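S.K.:
In our numbering, the protein residues as written are -18 to 134.
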């Protein structure tokens, strides 16, 4: 035999198949993303209303206000109140109230037939006991829902 003898093995045809596994992974990731993002409330659409301002002759800015200085009218039913918890006080409508005014503040929210919702912003100066005190006052006033957030507004 000559030196050109080669063994010819059968050559397999290459088949280019479309792999579905990466596509399925991407689809599940998109599904989870859209399911989670659709359940989030668009906070830019929430109507936020704090308690009405007390006139300047009743309280100076930065001065603590007592329960007797509270506004007469309550928030509209179905509105969302925004409260900021600081060390030993609650900031409502730009005014600082002591914890002795919490029951009157919480009682002014909503009505028994349409309880109000409250968003609490907890500042870094607030203690855990401050947050617990505010939550207890809101629970005693039958507030519909309370959302707690950290940070500044």
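Note that beta-carbon positions come from the ideal geometry of N, C-alpha and C, so glycine has one too. Model, not experiment: these values are computed from the prediction.
Measuring alpha carbon to alpha carbon, tell me which residue in -14, 111, 17 and 91 is nearest residue 60.
M.R.: Among -14, 111, 17 and 91, the Cα nearest to that of residue 60 belongs to 91.
S.K.: What are the residues that DSSP puts in a beta bridge with residue 76?
M.R.: DSSP, once it has assigned bridges, lists 73 as partnering residue 76.
S.K.: Take residue 116 and list the residues in its own chain whose beta-carbon comes closer than 7 Å to its own, dropping the five residues that flank it on each side.
M.R.: Answer for residue 116: 127, listed in chain order.
S.K.: What residue from 86, 9 and 97 has the CA that sits closest to residue 114's CA?
M.R.: Nearest option by C-alpha distance: 86.
S.K.: Relative to the C-alpha of residue 69, which residue among 75, 80, -13 and 63 is closest?
M.R.: Residue 80 is the option with its Cα nearest to residue 69.
S.K.: Hey, quick one: how far does the alpha helix (DSSP H) through residue 114 stretch, first residue to last?
M.R.: From DSSP, the alpha helix (DSSP H) with residue 114 extends over 109 to 121.
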